[in-house]
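Heads up, the thing below is written out as structure tokens.
Numbering (the working numbering), first residue to last: 307 to 769.
Okay, structure coming up:
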């Protein structure tokens with residue numbers, strides 16, 4: 307085990323040396339005709355043997371970046387005006403709006419005119435779909451969330467991602483979420499807790515107190531009943547079929563996967579079942595029976611923007627859909643169930659290890675997660691940048707910064723101690739794929755609670 311870990315660490319250092327020298331040359335930090343440090347100096351700097359250092363230099367020479375001068379050293383090659391390198395960035399469809407991606411890429415191309423970025427919308431979130439994109443070089447860099455990164459790790463496919471350097475200014479809990487096997491495989495880009503969003507005018511109209519951190523779910527549901535106006539608006543709604551919404555209730559109920567001696571999931575008489583039971587009660591008995599988003603073609607945030615909902619569960623990402631909405635709204639922490647827990651999700655930038663443009667893709671990942679790009683995200687969107695200074699350097703303000711924000715926008719800082727990622731439930735990504743449909747079948751009333759538990763316990767494979 308120690309030998310395996312040592313080899314892994316050595317490979318990371320070797321890749322770091324190669325990427326750092328390549329980056330310095332491409333950025334012009336090391337200019338044509340300039341000598342690189344001696345092999346001994348490079349060996350000391352990167353803690354590598356002389357042989358490995360020579361191998362790395364040979365690779366750079368083969369790429370035409372340096373020339374090796376016998377008995378003298380390695381010198382940066384004289385290069386004619388290079389053709390523009392095209393880097394393909396894979397991203398999920400919502401990333402454009404949620405991160406001002408077009409503006410970010412324009413800034414990157416202005417800084418690195420020899421690189422052009424082609425954005426590629428990825429078909430869904432399933433890592434099984436994403437893996438061929440990496441293996442066949444269809445993308446050079448990609449956005450991926452914490453759950454997708456865990457799936458790569460569970461299936462042993464994380465080796466397709468290049469280990470990256472961390473940023474000390476990034477929130478530590480985000481760095482941890484993007485780390486697998488001791489290596490940072492995606493640089494944290496943005497994040498968001500799940501939050502409650504509400505229409506302030508509806509509360510004023512009913513002369514009701516606005517939500518605060520003392521609320522429990524019973525208070526929310528009672529308020530929703532008072533706020534509902536038949537055939538006009540619903541008091542409360544959220545996307546019940548979303549895994550992340552179910553996870554909120556499971557986490558708040560203190561649920562964690564319980565297993566038998568063989569490692570199979572247990573469901574009868576567990577806190578997880580109690581959380582699912584409470585979820586069913588709210589979704590089926592207390593929440594407005596709206597047509598599903600998939601069938602109706604709308605998002606919950608769109609209904610809220612039209613004044614058709616008084617309260618909804620969403621994220622800071624979801625708030626971007628309200629930027630043009632002509633309504634007075636604000637946000638609050640999630641109501642409590644048993645434990646004061648808030649589900650948080652993170653999105654990072656990964657680099658395809660097998661890409662022939664890995665050096666340029668790494669430059670892109672570092673730029674998008676660096677101060678300039680992160681400040682644009684803070685200024686032009688309602689998403690939360692991963693770099694603390696980008697959020698805090700000039701405060702969280704309103705229209706003067708480019709985007710009007712709810713008055714309690716900075717609330718996320720007060721609830722960081724309640725943040726939990728989805729892996730706190732102890733379910734693997736593979737288990738989620740069959741577990742969630744079974745929960746939805748139970749919620750729909752198409753199987754009894756006992757049948758649901760029996761099926762889950764029979765379906766599970768030993769972990």
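The beta-carbon is built from N, C-alpha and C at its ideal position, and this holds for glycine as well.
A direct Cα-to-Cα measurement between residue 695 and residue 657 gives close to 24 Å.
Three or more beta-carbon pairs separated by less than 8 Å are not found between the segment 617–634 and the segment 563–572, which leaves the two stretches without contact. Spanning the alpha carbons of residue 373 and residue 381 requires a straight line of approximately 5 Å.
In this structure, residue 615 sits away from residue 498, with a CB-CB distance that is not shorter than 9 Å. In this model, residue 408 and residue 402 are separated by some 7 Å (Cα to Cα).
Assignment of beta-bridge partners to residue 636 by DSSP yields 504.
Cβ-Cβ distances below 7 Å link residue 320 to 354, 358 and 362 in the same chain, with the five nearest sequence neighbours on each side left out; the list follows chain order. The DSSP-derived three-state label of residue 486 is strand.
The C-beta separation of residue 452 from residue 651 comes to about 6 Å, placing the pair in contact by the 8 Å criterion. Per the Cβ contact rule, the segment 570–579 is in contact with the segment 753–769 (3 or more Cβ pairs under 8 Å). Rounded to the nearest angstrom, the gap between the Cα atoms of residue 766 and residue 742 is 13 Å.
Assigned with DSSP and collapsed to three states, residue 559 falls in coil, not helix or strand. Distance check between residue 458 and each of 475, 609, 440 and 471 places 440 closest, using alpha-carbon atoms only. Secondary structure at residue 722: helix, using DSSP grouped into helix, strand and coil. DSSP, read as helix, strand or coil, puts residue 625 in helix. Pairing residue 413 with residue 679 gives a Cβ-Cβ distance under 9 Å.
Distances from the alpha-carbon of residue 504 to those of 366, 330, 643 and 624 put 624 closest.
In terms of CA proximity to residue 390, 420 leads the group 365, 509, 379 and 420. One thing to note: residue 671 has its Cβ no nearer than 9 Å to the Cβ of residue 456.
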